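Here's the structure, in structure tokens; my notes come after.
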Amino acid sequence: MRFNRLDLNLLVILDKLLAEESVSKVAQQLNMTQSAVSNALRRLREYFEDELFVQVGRRMVPTPFAEMLGAQVRDTLVELERISASRAGFDPAGEERTFTLITSDYAFLVFVAEVVRRLRERAPGIRIRTVLTTENAAEHLRQGVADFLIVPEKRTVEEYPREPLFKDDFVCVCWQDNPLIGDSISLEQYLNLEHVGTSMGPTKVPHIDDELLAARGFRRNITIYAPNFTLVADAVMGTDRIATMHRRSANIWARRLPLRLLELPIQLGGFTQMLQWHKHRSSDPGMAWMRTFMRDVAADISSSSK
């Protein structure tokens with residue numbers, strides 16, 4: 002396909018070059034020869050009348066003009082994908098498609114795992130690929146690397162559509178035989194006992210429970226940081242440490258491990274887990290079906306937990 006003398010297939014190559022900064026990597030990803038990718042780059046340079054990339058060591062560093070083009074090229078490709086999907090329609094029973102979700106291990110445990118189980122019955126050809134949440138989640142949505150983002154409401158990205166999935170709050174968790182805690186925990190105990198916390202990503206963004214505690218003037222005595230939510234329950238086992246966990250995940254882990262769940266001695270409130278997607282893909286039939294499907298699953302798990 003051509004538009005104003007530009008072969009639109011060249012935009013796919015430009016998009017990959019901007020992401021990889023390497024002709025050889027792009028050639029491998031697109032199943033092309035390196036000479037074919039180099040020829041495509043030559044044509045792009047001629048069309049845009051810009052060098053686009055400058056060789057610096059082993060990297061191909063984009064020029065300022067190429068960096069400016071990047072977001073526009075990505076948005077154009079996402080829109081073309083949407084148009085193509087709209088023409089094709091969507092039949093969940095017979096469709097073969099992979100959806101990529103950016104999510105935390107917590108949301109996978111309490112929600113995505115159930116989505117996957119139900120998809121096997123309703124749409125056996127649909128596959129789910131999950132990517133752990135990072136600070137670059139919004140960029141992954143913009144680039145089309147991911148289809149959906151599942152995050153707490155406080156972490157949503159302003160520019161993208163959103164809808165609520167389910168609510169959750171927090172509970173204190175300890176080893177069943179913890180000798181320092183009885184049937185309940187006081188505020189003094191909660192603040193003074195050693196805690197297992199979470200620290201994810203290079204920037205170590207505070208978790209929501211830490212933010213809620215700080216807003217009330219409290220700070221936990223965290224002595225161990227787990228790299229994700231999944232390992233928190235294991236980290237309190239056989240110790241006198243405690244942890245603050247999402248109630249939904251704590252209930253699941255308490256069925257698997259000898260843990261006790263205690264109500265927090267301070268009201269932290271709860272949060273809403275949200276679903277987001279790229280605005281240009283709102284009318285994609287497959288995306289629309291998947292949003293409805295996930296919304297229905299969320300409604301079911303919310304009603305069953307009441």
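The sequence shown begins at 2 in our numbering and counts up one residue at a time. The beta carbon of each residue, even a glycine, is placed where N, CA and C say it ideally should be. All values derive from a computational prediction rather than experimental measurement.
- Rounded to whole angstroms, the Cβ separation of isoleucine 129 and valine 116 is 7 Å, and the two are in contact under 8 Å.
- Around the Cβ of valine 62, a 10 Å sphere holds fewer than 16 other Cβ atoms; the residue is exposed.
- The beta carbons of cysteine 175 and leucine 263 sit about 7 Å from each other, so the pair counts as a contact at 8 Å.
- The alpha-carbon separation between glycine 270 and glutamate 82 amounts to approximately 41 Å.
- In the assembly as shown, methionine 69 is an exposed residue. Its beta-carbon has fewer than 16 other beta-carbons within 10 Å.
- If you compare the alpha carbons of Gln274, Val197, Arg249 and Leu258 with that of arginine 242, the shortest gap goes to Val197.
- CA-to-CA, the gap between leucine 45 and valine 13 works out to about 11 Å.
- Phenylalanine 54 is bridged by DSSP to Pro63.
- Distance from the CA atom of valine 113 to the CA atom of valine 74, rounded to whole angstroms, is 31 Å.
- Secondary structure of asparagine 32 (DSSP, three-state): coil.
- Taken through DSSP and simplified to helix, strand or coil, phenylalanine 219 comes out as coil.
- In this structure, leucine 166 places its C-beta atom within 7 Å of the C-beta atom of alanine 299.
- Taking glutamate 52 as reference, the option from Met246, Leu260 and Leu15 with the minimal CA-CA separation is Leu15.
- DSSP places aspartate 169 in the uninterrupted beta strand (DSSP E) bounded by 163-169.
- A contact between stretches requires three or more CB pairs, one per stretch, nearer than 8 Å, and the region 155-172 fails this requirement with the region 224-232.
- Separation of methionine 201 and glutamate 50 (C-alpha to C-alpha, rounded to the nearest whole angstrom) is 43 Å.
- The beta carbon of arginine 261 sits closer than 8 Å to the beta carbons of Val174, Cys175, Trp176, Gln177, Asn179, Ile182 and Ala255 from its chain, once the five residues preceding and following it are set aside; these are given in chain order.
- Between tryptophan 290 and aspartate 148 the beta-carbon gap is near 12 Å, outside 8 Å, which marks them as no contact.
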